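Everything below concerns the one structure shown next.
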Amino acid sequence: MLQENQVYQVGDFVRGGGFRDTYECASDPTKLLKFDRYESGERKVKKRGLLKDVFRSVRAKLGYKKQRLSGNQDELLGWSHIQDVGLADHRAFTRIYGVVQTNQGPALMIEKIDNFVDPDIRSVRDYIRHHGRIKDQELIRALIDYFKILRSHHVSCFADRPENMGIVIDANGQTYIKCFDVKNYLDHQFIPINKIEYFRKKRIERRLDRHFNMLSSDNVNEGHKI
1262 MLQENQVYQV GDFVRGGGFR DTYECASDPT KLLKFDRYES GERKVKKRGL
1312 LKDVFRSVRA KLGYKKQRLS GNQDELLGWS HIQDVGLADH RAFTRIYGVV
1362 QTNQGPALMI EKIDNFVDPD IRSVRDYIRH HGRIKDQELI RALIDYFKIL
1412 RSHHVSCFAD RPENMGIVID ANGQTYIKCF DVKNYLDHQF IPINKIEYFR
1462 KKRIERRLDR HFNMLSSDNV NEGHKI
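All residue numbers for the sequence shown refer to the working numbering, where the first residue is 1262 and numbers rise by one.
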């Protein structure tokens, strides 16, 4: 339970990402603290060509979100999506506790994961970098189970990226996947047909199937679909 008005002490540096830095929480060893490097609107937006950039500008003026907020704000929006689809208490998602005050400024407090199968190979991307192919049957089963969860709940966020899929183990020795990052995908459609529920779900299913198939390609698991 977070204490109101508590100022949390920042511990050791853990890792740095593209837009945020993560630290241990000295006040609570079961938590981590994420700090933004950029404020809202300061992050670089990838150029997509003149025509698409014009479409992006028009849609932004029409009120559609086209630019990233700060990383922590984005992740809070993503966590709201996870709550909306009923997965906030599922073990497959790292719990987010909200923004807290620290001795180094505001930070996003999240659950600390300490049950990795291998501390040196924390994510699915790490595994592929080390082994080239996914051959481990326990990991294959865990990935199938994980994508079934994403697909059945129509999860639309960075949870389907291999760098955000932690390879962890439960108290019974069973491997499972735990998501690191739930930032939402931006909507780049000029005509927002995905506002219609049917098309929204179909689009999410296509993306999840595409990302799953990338892990099941000829370069992974000797060409066998996982």
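Just so you know, even glycine gets a beta-carbon here, dropped at the ideal spot from N, CA and C. What you are looking at is a predicted structure, and each value in this text was computed from that prediction instead of being measured.
For I1428 versus V1385, is the C-beta spacing smaller than 8 Å?
In contact: I1428 and V1385 (Cβ atoms closer than 8 Å).
R1471 versus R1422: straight-line alpha-carbon distance, rounded
Distance between the alpha carbons of R1471 and R1422 is about 11 Å.
Do the CB positions of K1295 and A1368 come within less than 8 Å of each other?
Cβ distance < 8 Å, so K1295 and A1368 count as in contact.
Does DSSP put G1366 in a helix, in a strand, or in coil?
In the structure shown, G1366 sits in a strand (DSSP, three-state: E or B).
Close Cβ partners of F1473 (< 6 Å) along its chain, the five nearest in sequence each way excluded:
Around F1473: F1408.
Tell me the rounded alpha-carbon separation between F1274 and D1406.
If you take the alpha carbons of F1274 and D1406, they lie about 32 Å apart.
Could you tell me whether the segment 1429–1436 touches the segment 1369–1381, where touching means 3 or more Cβ pairs closer than 8 Å?
Taking a contact to require three or more Cβ pairs closer than 8 Å, the segment 1429–1436 and the segment 1369–1381 qualify as touching.
Considering just the uninterrupted stretch of the alpha helix (DSSP H) at V1385, what are its terminal residues?
Membership of V1385 in the alpha helix (DSSP H) is indicated by the continuous run V1385 to H1392.
Cα separation between Q1267 and Q1362?
Going from the Cα of Q1267 to the Cα of Q1362 covers about 7 Å.
I'd like the list of long-range same chain contacts for D1379, defined as Cβ closer than 6 Å, with 5 residues on each side in sequence excluded.
If the five residues before and after D1379 are omitted, its C-beta is found closer than 6 Å to no C-beta atom of its own chain.
Proximity to S1417 [Cα-Cα], best of G1366, S1341, Y1437 and D1387
It is S1341.
From the DSSP output, read off the bridge partner residues of V1268.
DSSP output for V1268 lists Q1362 as bridge partner(s).
Assigned exposure category for E1336 - 16 Cβ within 10 Å defines buried:
Under this definition E1336 is a buried residue.
Where does K1462 fall in DSSP's three states?
Three-state result, K1462: helix.
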